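Accompanying notes for the structure given below.
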Amino acid sequence: MPDSPIVIVGSLSDPHAAAVFEGVRARGCEPVVLDAQRFPEDLPIALGEAPEDVVIEGRRVGRPAAVYVRSLYQNPAAYGVDADEAMKEDWRRTTLAFRERATLLSAILLRWEAQGAAFYNPSSSGHNITKPYQLALLQAAGLPVPATLWSNDPAAVRRFCDVQGAVVYKPVAGGAATRKVEARDLGDERLDKLRAAPVCFQELLPGDDVRVYVIDGRVVCALRIVTDAIDFRQHEQRIDPIALDDAVARECVRAAEIIGLRYTGMDIKADRHGRYKILELNPSAMFLGFEARAGVDIGGPLCDALVAHRAQRGA
1 MPDSPIVIVG SLSDPHAAAV FEGVRARGCE PVVLDAQRFP EDLPIALGEA PEDVVIEGRR
61 VGRPAAVYVR SLYQNPAAYG VDADEAMKED WRRTTLAFRE RATLLSAILL RWEAQGAAFY
121 NPSSSGHNIT KPYQLALLQA AGLPVPATLW SNDPAAVRRF CDVQGAVVYK PVAGGAATRK
181 VEARDLGDER LDKLRAAPVC FQELLPGDDV RVYVIDGRVV CALRIVTDAI DFRQHEQRID
241 PIALDDAVAR ECVRAAEIIG LRYTGMDIKA DRHGRYKILE LNPSAMFLGF EARAGVDIGG
301 PLCDALVAHR AQRGA
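Laid out in structure tokens, this is it:
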């Protein structure tokens, strides 16, 4: 019987990767860690032409039973990457080196996925988590999403805001806070900044913020985030576990299936009629803070899911 280990992709200096590592070990499995922060400087990897020919730190991994992907740290701007000095010294060489590194690491994950390893979550779902594509997939499937415009066209932005009335804006890929569009934001000077980068404009949803965790087609928990801010990350007052209506829970499970995520923390928000709409599905959602604030267990069910695949392999 092949080794069929559980693999954790990410650095153990990341608290979430470390929590999953310890949770899997506590369940009687010794996981393999593909620490992308250590590669290539301090992590020896060898790939042959055969799909199963993957050796990490001298251990032939073969076909893993399950893979938890926290981060591949694929570019100099990625969270957790410290490449400032290298970029200042030679940005082109550093960028190319990251490309080489990312190419090899991505190839490992794609090989494992092609061999049937259970991924939480697969690299092949990467396009689906690109937000403009993600919402389009959900809308096409008939799931509730907010009216949204991604654009660098001032005329299109003004038309959208005129139709929607109350609108918020945020980065296309995320990172910065969500803010309400004010009258001054629609002036020529402000909209001229769209020449630098497109922006996401979205109908303002005034209702509850809810984070929903789905693992293997099951809602593990739903958490209402009490806040008086448009973006709950700016002023989070408390987090309360709630029970979702069956219809909303089914929509959340279906959304995860459509995007191709075995594990996700998705954000939904109620409109003025109390109807929840799906904002986004996060492919490697943080959970420790939510566990601590709300007194729920998310990491446990995630580790249970990973270990269950090893049991199915007969290891």
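Following the UniProt record's numbering, the numbering of the sequence shown begins with 1 at its first residue and continues without gaps. We treat Cβ as the ideally placed atom computed from N, Cα and C, and that holds for glycine. Model, not experiment: these values are computed from the prediction.
_Local conformation of residue 243 per DSSP, three classes_ = coil
*What residues match up with residue 112 in a beta bridge as DSSP calls it?*
According to DSSP, which records beta bridges pairwise, residue 112 is partnered with nothing at all.
_Beta-carbon proximity list for residue 87, same chain, < 7 Å, skipping 5 on both sides_ = 76 and 94
*Pick out the complete beta strand (DSSP E) segments inside the segment 79 to 165, 3 residues or longer, and give them in chain order.*
118 to 120 and 148 to 151
*Close Cβ partners of residue 10 (< 6 Å) along its chain, the five nearest in sequence each way excluded*: 17, 70 and 71
_For residue 52, tell me which candidate among 175, 301 and 5 has the shortest Cα-Cα distance._
5
*CB-CB under 7 Å to residue 312, same chain, minus the five flanking residues each way: which ones, in chain order?*
none
_Closest residue to residue 188 among 136, 27 and 157 (Cα-Cα distance)_ = 157
*Cβ separation of residue 244 and residue 222, assumed to be a contact under 8 Å, to the nearest whole Å*: 5 Å
*Alpha carbon to alpha carbon, how far is residue 241 from residue 252?*
16 Å
*So, is residue 203 buried or exposed, given that buried needs 16 or more other C-beta atoms within 10 angstroms?*
buried
*Taking residue 198 as the reference, give the member of 165, 57, 212 and 154 with the closest Cα.*
154
_Taking only three categories from DSSP, how would you classify residue 251?_
helix
*Straight-line Cα distance separating residue 206 from residue 167*: 10 Å
*Return the chain-ordered list of same chain residues with a C-beta closer than 7 Å to the C-beta of residue 2, the five sequence neighbours on each side being excluded.*
Note on residue 2: pLDDT 49, under 50, position unreliable in the model; no value is reported.
_Assigned exposure category for residue 96 - 16 Cβ within 10 Å defines buried_ = exposed
*Rounded separation between residue 260 and residue 121 - CA only*: 8 Å
*Taking the C-alpha atoms as reference points, what is the distance between residue 79 and residue 248?*
32 Å
*Can you check whether the CB of residue 298 is closer than 8 Å to the CB of residue 287?*
yes
*To the nearest angstrom, how far is it from the Cα of residue 148 to the Cα of residue 268?*
14 Å
*Tell me, which residues are paired with residue 55 by DSSP?*
46 and 60
_Buried or exposed (CB count within 10 angstroms, at least 16 for buried), residue 173_ = exposed
_Contacting residues, own chain, Cβ-Cβ under 7 Å from residue 24 (five flanking each side not counted)_ = 6, 31, 303, 306 and 307
_Beta-carbon spacing of residue 266, residue 226 below 8 Å_ = no
*What did DSSP end up calling residue 301 once you bin it into helix, strand or coil?*
helix
_According to DSSP, simplified to helix, strand and coil, what is residue 9?_
strand
_Beta-carbon proximity check, residue 316 vs residue 134, cutoff 8 Å_ = Shown here, the chain extends from 1 to 315; a query on residue 316 therefore has no answer.
*Rounded straight-line distance, which links the Cα of residue 8 to that of residue 192*: 44 Å
*Hey, would you say residue 254 sits closer than 8 Å to residue 143, going by beta carbons?*
yes
*Would you kindly work out how many angstroms separate the C-alpha atoms of residue 258 and residue 150, rounded to a whole number?*
21 Å
*Count the other CB atoms, across all protein chains shown, that sit within 10 Å of the CB of residue 19; report buried if there are 16 or more and exposed otherwise.*
buried
*DSSP-derived helix/strand/coil call for residue 222*: strand
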